[in-house]
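Down below is the structure, laid out as structure tokens.
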Amino acid sequence: MFWTLVLGLILAFLLWEALRKQDPGKFRPGRFFYTKKWLFRLLLWFNMKSQGSKVMQRDRKTRGYGSSFWDPTLLEMCQPLEDDPYAIDTTYFNGFAKDGTSIALRIARKPEREAEVWVLLDLPGVGFLQHLLHPDTRVVNTGMGYRAAGCRFTVIEPMRSWRVTYNGLLRLGLHCEPESPKPKNLLNVKLSFKWECVCDPFNFDVDLCHDLLAEAVAKETWNKEFWDKLRGKHQTHYEQCGELSGTIEVEGHKPQRVFLKSFRDHTFGVRNWEMFERYAVHYIWIEEVGIMAMVASLWMPGYITRLKSGYLMYANGVTYPVTAVNFDLEGVTRERNPPEKYSFTFEAADIVYHVDVIAVVTPEVYHYTTRTSRVLERFSTYTVNGKPARGLTEYHYRNPEGPPMSTTPEQSVPLLREPALSDLSAGQGRAHSLSFTDKACKSSFVVGGKGAQLALLTAIQREVNAEVPKGFCLTLDSFEMQLLENTEIVQSIERIVESIRLKNIDNLQELCSDAVRLLATCKVCEPIESELTSQLESVFGAKSEAIRLAVRSSAAGEDGGESSSAGQMETCLGVKGLEGILKAIMKCWASAYTFQAVEYRRQHGQPVRTSVGVVVQEMVAAESAGVIFTNDPVSGNPNRIVLDACFGLGEAVVSGKTTPDTFIIQHYPDNTLNILERRIGNKNLKVYLLGSGGTLEVESDNAGESCLSDGQIIQLASTAIQIEKYFGSARDIEWAIVGDKVYLLQARPVTTCDQDTDEDLIHEFDTPVMTDRERITIGNIGEMMPGCVTPLTSSIFGRAVDRACSVVGSDFGGSQTMTNASKLTISNCGRLFINLTYTAHIYSNSVIYKKEALEMNLVGTTLEDHTLEIIESQGRVCGSFMKKLMNAVNFFSVSSHKIKIANGWLDKLKGYQVGERCKRSAELYKAITEQLPDYYEVWETTIHKSGRSGSFGGIVMGIVSGGKDEWSMDNYSDVALLLSQCDNVYSAEVPMAMKEIASCIVDCKLVKEFLEISESECVDLLTSPDSPAPLREKYTTFLQRHGHRCVREAELMEKSWREEPEKFIRVIKVILKSNAYLDIRTEGPSIEEAVNRLKSPVSWFGCFLLKKWIVKKARDAVGNREFGKSIAVELSDRFKQAYWRLADMLFMEGLLPDRELMFFLRHIEIGQLIETCSARLVTKAVRRRRILPVQNEMNFPRICVGRPTPIQVQEEEERKPTFTLKGMPVSQGSVQGRARVVKSLHDADQIEKGDVLIVSYTDVGWSPYFPLIAGLATELGGLVSHGAVVAREYGLPCVVNVPDATHAFHSGDYVHLDGTNGAIHRLEQLNH
């Protein structure tokens, strides 16, 4: 009966569909529209279900509406282009700032080394700037990756961050006439940005509104042709919101540091622009509330006639699909240019947005040589529901009338590449000598870098109208054969490697000298000499003995894209005869092991044990010679060619023995050249070839003349441009001229382009902030992780805390967790912050949430100007009381489960190790990566415990304050009293355990000896079998229970007390000197006593709840919080140990010059280093380490409004004799005494018994000093911060959240610390 009824309803629906009246109009639904719509929705649902888990999707074939592949590395890489003339792989960035700065950059990779490029910039105070190509966009002879026409996009970390740069000429003014002559108002512009995401990607294959897509598909005529188009012309398309931050440098103007809210688009597949009749895409950023939205309307006849789509992202990073668009595409785009003003509406997240659009500037660009596709990239301002906004509107017009480009389009040349080793025959790959014309000679793995570059140049010499002098290479295998024949050389090299491994650098120079001497004196073995003789005759003929040759080293890794090794290796010029060649070869081999060459490789993370090829090449008696850079080697400008030249051989230039002539040539996109600048050098030295062999240096007799004519300059520049086109990247080319003939002597990559500045590195890991209203605090996290963190710690611990807090917030009923964007933990200048506004928002969906309680826990005070309107604008807020109540119940339920998981880790940790069996760096790195989920899980459970503790603290405050929003000092003091005796406070055990060790040392009568010897000798004493058993037992027990702790214990580079026990030995010495081991810890009041002593008026029912339930739960939660943190730190210490083992392996394998450098690489970069041996990464790590002290000198306000900005150092004002600073009372009591201001734990040995300690923060590293002090004041902290908890356990008066205390007070001041009323007074010294 049921199924009969269902079937009847379906038939009735179909009959209605067949008979209903058709709506007239181009974009109206047709017959069976609703049936087709629901069928397509069912198809989408089936596709999404059948694709399975996102995590498992790694196949590029898994693409289409309703399905996609999800591997971020695969998605973000340069995609293999499909076998279609319209195949593309496009990456696009735009960006907008409040001051009107706007930008749009795009690179679309296409087959045959072609690309489409957009560069559009509107800069206040300068004007509108665009690429010289525009309005055309076609570029040929592109390089590898997203790189074309001065623009370059590089993935830093998939779905998280990119490097976006442009360097070159831009044209000033809105110039859109296709046939206009070349303008003169050209400016050199350099853009250097880092793009960082603020949300997860929105994938149009699966995330767009299914209803809108189904509606668009249902309007089409369904036939085989339609479905073939839908499947065959598919584009994978995803977008992500983020921020472009960096520097804009415009010629004639001051550099500007900018922060641009940005949309990023990655599209790949097949795109024929002519498929689009029209489209309009609106990118909108609502400045005040941080909302970003993309709204699109597309008209594609014969494919999908009318498609509406888009998404909206709130400031909290949660993205919602646009569900309705009311936009008249046909009306707005009817004319050739859209109207300057118009309006439309769209709906997302159940809110309708009314948008008013106003044009600012409207550049246009064309695609294809026929110009049949026209795009207007209009920078716009918006008003959205009454709020000001900025952004961009992109319109596309099918443009069949063109007109086509008037000039003949340039065609790409084949990209010049080294052959893969797999493409070489066994004989070619293992030969001992190869001519430049041999295929295998093009491989740097066979002949070294310099030889391979010459062989590649030889392959194109005719095409570039130049000549490469004949020659050949002795391969890397020939060097290895020489070693096999001379074991003493092998042993000398092994001694060098072993010396570096053992860090015996003092005798490295002597060991290198021994190796050089042996390599330079051991005769070339007979097989190599025989093959050399044969190759000389083959290449140079019977006159080989008379030809003057250049013999150069060609080491593995030399002249590569990562590092040049310039000037490190030997070059012998004017060599004649077999005997001279043999000696020169031995010199070249030996030069690889000179001290400077070995140090260069060591410092750049390159293998010290290296093989060396040798280039043997005919020399030309150059009239002029030198080097030419196709990019400016200093600025990296690709439109400026730099040419250095001198008379005679180029050795005078490359050796730096003379000042050459320098010529700057402007290179335009159409390949026209213009000599911008001539600087005639003194050229006081010339180098000539001698007929008898060798070279001669003579004084120049025509130094004041230019050594090149204008024609020769242009000829050389043209040749250099052609060479660059074949290689696909900037080149540093050595050349020589004889008559009208240009000879090419070398062409290596320019390795100095696109360098990060120090300012870039300082801000390298900065996290975007969505609005200028968000409150960012250094509180709370500044206690756990004070100062700057290393890049490795930022990439592991910073993300673990961000992820954990996000998950806990989600359990609290907040927004969804982010996979890629850091929203809660903010990084700026290497320091970690908490986004208080975001935190308040994700916790606001629970009935137990109270803004004041959260602020008190995190920053130790309430913020009146941090309004609910600011917090709620972060995203959608749950308004239902019942929903909030259920969220609270769910949180405590989930929290109980997470706490069980945390407690379970106590047993797991007993045998837990990270990659303990791994022998190589690659294995250990993989093991660490696979076990990182454990690290994240433990920190998540720890944050759950912290959240539970904060919740109970908030409940206690709510009862004590009578539910009021404003809290008095009595309220703070009473809560501190109630929490003054917590059980099982793990961190409070640390000073007690140290006092017990000190007391045992006294009992064993070892005080005098202990204080006189060094810390390392003290460790030997405590671990010696001869030391007293009770002392040895207490020391061992301490390390077993607390050895994983230390100052800044979450910093992965900071070794724990277990790894470096000398750290806490220093504290024990202080305890012994001050007799602090005699102090007796005072017990705090019981719950009933504490409740009876309350100053705040609490109702009898409130007192009942406090006595019978709440206070005990709150005290237990504090203990659990401290215990949970200890477990997390214990697991962190296992990962620290693993990372230090990994650092040892990287050092021993020669990938790093010293172990500590590893911590200045992010986790993902360590993997890249292991895989690629990148010298660039090693250099970056060295620079980051150099920058860290600069970052540590920066000070930030405790609470920042908007993006954190360092405090400018001001001259210290004269202090008043007496003054008072207020803070939060967290432990009752009052004390007068001498102030001890300590700004670093390294200076903590200055603390004396009875001092009132004034510090910025405390963590467990400070715990051992609590028995010495009489009171504590901190600049950071809250009710349950480390210092507050331990101070209450020791009965010490404590005030936290005292702003600027370490600057206002000086050591030696006489102070009164009032822990009951929350104040610290500077008193007159006479009162002492």
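Basically my numbering = 1-based index in the sequence shown + 3. All residues carry an ideal CB built from backbone N, CA and C; glycine is no exception. Here the structure is a predicted model, which is why all the values come from computation and not from measurement.
Through-space distance from residue j to residue i, alpha-carbon basis
i            : j            : result
residue 1030 : residue 1024 : 6 angstroms
residue 802  : residue 278  : 43 angstroms
residue 493  : residue 247  : 52 angstroms
residue 1090 : residue 935  : 41 angstroms
residue 1130 : residue 915  : 12 angstroms
residue 265  : residue 384  : 15 angstroms
residue 723  : residue 597  : 33 angstroms
residue 183  : residue 138  : Residue confidence is low: residue 183 scores 46 on pLDDT, short of 50, so the model does not pin down where it sits. Its coordinate-derived value is still stated next. When rounded, the distance between both Cα atoms is 10 angstroms.
residue 326  : residue 930  : 44 angstroms
residue 727  : residue 295  : 41 angstroms
residue 1288 : residue 1006 : 31 angstroms
residue 632  : residue 940  : 52 angstroms
residue 78   : residue 322  : 19 angstroms
residue 856  : residue 1120 : 16 angstroms
residue 588  : residue 617  : 7 angstroms
residue 1317 : residue 1231 : 8 angstroms
residue 964  : residue 978  : 10 angstroms
residue 1134 : residue 96   : 40 angstroms
residue 426  : residue 461  : 19 angstroms
Contacts around residue i, its chain only, beta-carbon distance under 8 angstroms, and the 5 residues preceding and following it disregarded
i           : result
residue 117 : 141, 142, 143, 145, 415
residue 422 : 442, 443, 445, 446
residue 580 : 548, 696
Span of the alpha helix (DSSP H), counted from its first residue to its last, around residue i
i            : result
residue 1280 : That residue, residue 1280, is in no alpha helix (DSSP H); it is neither H nor E in DSSP.
residue 188  : From DSSP, residue 188 is part of no alpha helix (DSSP H); its letter is neither H nor E.
residue 764  : 761-765
residue 324  : Where residue 324 is concerned, there is no enclosing alpha helix (DSSP H), although the beta strand (DSSP E) it sits in stretches over 322-329.
residue 908  : 884-911
residue 535  : 529-543
Unbroken beta strand (DSSP E) run spanning residue i, endpoints
i            : result
residue 1225 : 1222-1225
residue 1112 : First-last for residue 1112: undefined, no H or E at that position.
residue 691  : 688-692
residue 555  : 552-558
residue 830  : 828-831
residue 268  : 259-273
Chain-order list of residues whose beta-carbon lies under 7 angstroms from that of residue i (same chain, five-residue window excluded)
i            : result
residue 1312 : 1238, 1325
residue 1021 : 1013, 1068
residue 595  : 556, 558, 572, 613, 615
residue 510  : 502
residue 89   : 273, 274, 275
residue 756  : 634, 639, 733
For residue j and residue i, believed in contact at Cβ under 8 angstroms, the rounded distance
i            : j            : result
residue 1155 : residue 1168 : So it is not a contact: roughly 12 angstroms between Cβ atoms.
residue 1202 : residue 780  : 5 angstroms
residue 740  : residue 626  : 6 angstroms
residue 94   : residue 169  : That pair is no contact at about 13 angstroms.
Own chain, CB closer than 6 angstroms to residue i, minus 5 neighbours either side, in chain order
i            : result
residue 217  : 40, 43, 44
residue 784  : 835, 837
residue 1322 : 1223, 1225
residue 359  : 346, 386
Only counting runs of 4 or more residues, tell me where the alpha helix (DSSP H) segments fall wholly within the region 427-473, in order along the chain. Runs found: 429-432, 447-450, 452-463.
Ignoring anything shorter than 3 residues or poking outside the region 87-127, list the beta strand (DSSP E) runs there in chain order. Runs of the beta strand (DSSP E) inside the region 87-127: 90-99, 105-113, 117-126.
Going along the chain, which unbroken runs of the alpha helix (DSSP H) with 4 or more residues stay wholly within the region 1136-1220? Taking 4 residues as the minimum length, the alpha helix (DSSP H) runs contained wholly in the region 1136-1220 are 1166-1175, 1178-1195, in order along the chain.
Ordered list of alpha helix (DSSP H) runs contained in the region 769-825, each at least 4 residues: Listed in chain order, they are 784-787, 802-814.
What ranges does the beta strand (DSSP E) occupy inside the region 383-410, keeping only unbroken runs of at least 3 residues that lie completely in it? Here the runs fully enclosed are 390-401.
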